[in-house]
Amino acid sequence: MLERIHEGHLGIDRCKRRARQVMFWVGMSRDIEHAVRACATCERYAPAPRREPMLPHAIPDVPWLKVGSDIFEYRKKNFLILVDYFSNFVEVNELTSVNSNSVIRAMKEQFARYGIPNELITDNATVYCSKEFRTFLSTWDIKHVTSSPLYAQSNGKSERSVRTVKNLIKKSFDSGKDYYIGLLNLRTTPRENIDSPAQILMGRRLNTRLPTHHKLFNDIVDRKKNHDAVLDQQHKQKIYYDSRAAKHLRPLRVDDKVVIIDGKNRKSAKIVQPAAEPRSYIVEDQVKRRYRRNRRHLVCRQNIKEGQEQYERATDGRFAESDLTGASTSGTGAVKSETAPTNIQTHDVDTRSAEHSGDSKPERMASIHSVRQSFTRRQGHRIEAQQCKSYSLLGTLITP
């Protein structure tokens with residue numbers, strides 16, 4: 069019966085509404101929920117969770133204490149980018165090769181110029197996860213934070229800077245201009261209500277190809293004002309992002325059964341432990357491989373084994389082929405009594421008296437009392453209770 073209700077692989081709510089049109093039994097909603105959650109096909113095609121509200125990075129009140137990094141390629145040339153989270157100042161190095169030693173050498177050059185950051189934010193590229201790179205960070209006393217795999221937006225500052233710088237280099241090449249002039253202009257252009265990245269980082273205005281009065285180079289940079297403006301801008305971005313159908317997802321617990329969503333692929337796994345990064349978890353698949361994934365890439369599901377066991381208990385000996393339609397007897401519209409389970413009700417009302425059904429009145433009243441007690445114990449099943457009240461127990465109870 070549950071298989072017929074779930075034909076077409078509709079969701080839990082639709083299956084309940086479909087079943088309630090024609091039938092009812094005690095615990096029907098619970099049984100439908102277990103059956104749908106135990107469906108392997110529905111699990112395989114489960115949609116990805118909706119995005120959660122934005123969780124902004126903390127912005128330090130001193131420049132170059134928190135830096136993001138990424139690598140990009142253009143015209144077969146590889147570039148390393150470093151961006152300051154406070155000032156938005158961007159540094160770009162052309163790499164001779166994409167390996168840890170080349171990246172470390174470029175970073176040392178920048179850190180010797182601007183100072184050593186407290187925190188470095190990167191993705192999980194091989195160059196950032198190698199033993200050499202970890203040793204370098206440990207020696208220079210830099211905390212390393214990586215974004216969750218397949219979740220680039222947690223390293224959004226670097227990703228946006230890559231897009232900006234890549235477009236700048238592309239346009240400079242196409243127009244035959246020196247892209248270093250473009251970088252200078254990018255660094256010396258103020259944002260809305262915020263001083264230019266160069267002013268915030270260096271505390272002074274840089275000279276450019278635009279004619280500038282010498283008195284302007286004496287301007288004092290108000291770092292607190294700029295920091296407040298950056299936080300205000302970040303808050304506005306969060307409000308706009310969260311307004312577009314973002315919602316919190318339920319935190320997962322150890323041993324929760326989940327489905328990992330990697331693009332179009334689906335893989336069953338379980339939660340091993342929460343990761344150090346926010347909204348991230350260490351998961352283990354069926355072949356004991358472990359991954360780190362963001363909550364948005366994990367669909368929580370009921371334990372499949374438990375769901376199948378409850379599904380089997382719900383169907384074992386309770387339903388027969390004729391239960392779905394319940395063929396009517398001539399002139400009465402009653403459901404066949406020899407195949408119907410004792411606790412199932414349909415909208416076909418049996419108006420026969422106790423004498424015609426062969427039941428004695430005491431036995432029938434005892435059965436009715438038992439059903440009423442069952443409904444009383446199930447007050448939590450609000451929908452079943454309301455539906456039960458809409459029927460007459462005397463008219464709809466079916467006994468063998």
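Be aware that the sequence shown starts at 69, since it is given in the working numbering, and climbs by one per residue. From the three backbone atoms N, C-alpha and C, an ideal C-beta is built for every residue, glycine too.
Query, Result
"Taking the alpha-carbon positions, what's the G463 to V94 distance?", "Residue placement at G463 cannot be trusted, given a pLDDT of 39 that sits under 50; the coordinates are not used to answer."
"Going by beta carbon distance, what residues of the same chain come within less than 8 Å of L251, once the five residues before and after it are set aside?", "V158, V160, V233, L236"
"F92 lies in the alpha helix (DSSP H); which residues open and close that run?", "No alpha helix (DSSP H) holds F92; the beta strand (DSSP E) holding it covers 91-93."
"When the Cα of V470 is compared with those of P258, Q305, D138, which residue comes out closest?", "Since the displayed the chain opens at 69 and closes at 468, residue 470 lies outside it and no answer follows."
"For the 8 Å Cβ check, are there 3 or more pairs between the segment 176-186 and the segment 125-137?", "yes"
"By a C-beta neighbour count over all protein chains shown, 10 Å radius and 16 as the cutoff for buried, is P265 buried or exposed?", "buried"
"Identify every residue that forms a DSSP beta bridge with Y349.", "P342, R361"
"What are the partner residues of G331, as DSSP defines its beta bridges?", "Answer is none; G331 lacks a bridge partner."
"What whole-angstrom Cβ distance do I328 and Y359 have, given they're in contact under 8 Å?", "7 Å"
"So the candidates are D129, T164, V166, E162; which of them puts its Cα closest to the Cα of D152?", "D129"
"Restricting to Cα atoms, I'd like to know which of V298, F201, Q301, T194 is closest to Y172.", "The identity of residue 172 in the sequence shown is Ile, whereas the question assumes Tyr. It is F201."
"Are the CB atoms of D246 and S215 within a distance shorter than 7 Å?", "no"
"Here's a check: name, in chain order, each residue in its chain whose Cβ is nearer than 8 Å to the Cβ of N146, leaving out the five neighbours to either side.", "I139, F140, E162, L163, S165, V166"
"Mind checking which residues open and close the beta strand (DSSP E) that includes E13?", "Residue 13 lies beyond the residue range present for the chain, which begins at 69 and ends at 468; the question has no answer from this structure."
"With the cut-off set at 7 Å, would you say A114 and V367 are in Cβ contact?", "yes"
"Have a look at M91, V90, C110, M96 and flag the residue whose alpha-carbon is nearest the alpha-carbon of E75.", "C110"
"Can you name the residues that DSSP bridges to V367?", "V327"
"In three-state terms, what does DSSP make of R173?", "helix"
"Tell whether a beta-carbon distance below 7 Å holds between A511 and R119.", "Because the chain is modelled from 69 through 468, residue 511 falls outside the range shown and cannot be assessed."
"Give the straight-line distance between the Cα atoms of L320 and L78, rounded to the nearest whole angstrom.", "25 Å"
"What's the C-alpha gap between I149 and M175?", "9 Å"
"Between which two residues does the alpha helix (DSSP H) carrying N235 extend?", "224-243"
"Tell me which residue opens and which closes the alpha helix (DSSP H) that N186 is part of.", "First-last for N186: undefined, no H or E at that position."
"Could you give the residue range of the alpha helix (DSSP H) that holds V298?", "291-310"
"CA-CA distance, R88 and Y349?", "39 Å"
"Return yes when the Cβ of T256 is within less than 7 Å of the Cβ of L274, no when it is not.", "yes"
"Helix, strand or coil for H212 per DSSP?", "strand"
"Against chain C, with Cβ distances strictly below 7 Å, would A114 count as a contact?", "In the structure shown, chain C cannot be found, because there is only a single protein chain."
"Is the Cβ-Cβ distance between V355 and A337 less than 7 Å?", "no"
"Once you ignore the five residues that flank K84 on each side, which residues in its own chain have a CB closer than 7 Å to its CB?", "S97, I100"
"Would you kindly work out how many angstroms separate the C-alpha atoms of D323 and R357, rounded to a whole number?", "15 Å"
"On the criterion of 16 or more Cβ atoms from any shown chain inside 10 Å, does E260 qualify as buried, or is it exposed?", "exposed"
"Roughly how many whole angstroms lie between the Cα atoms of Y219 and R364?", "9 Å"
"Bridge partners for K145 per DSSP, in chain order?", "Y142"
"From this set, D296, N253, Q341, which residue's C-alpha is nearest L278's C-alpha?", "N253"
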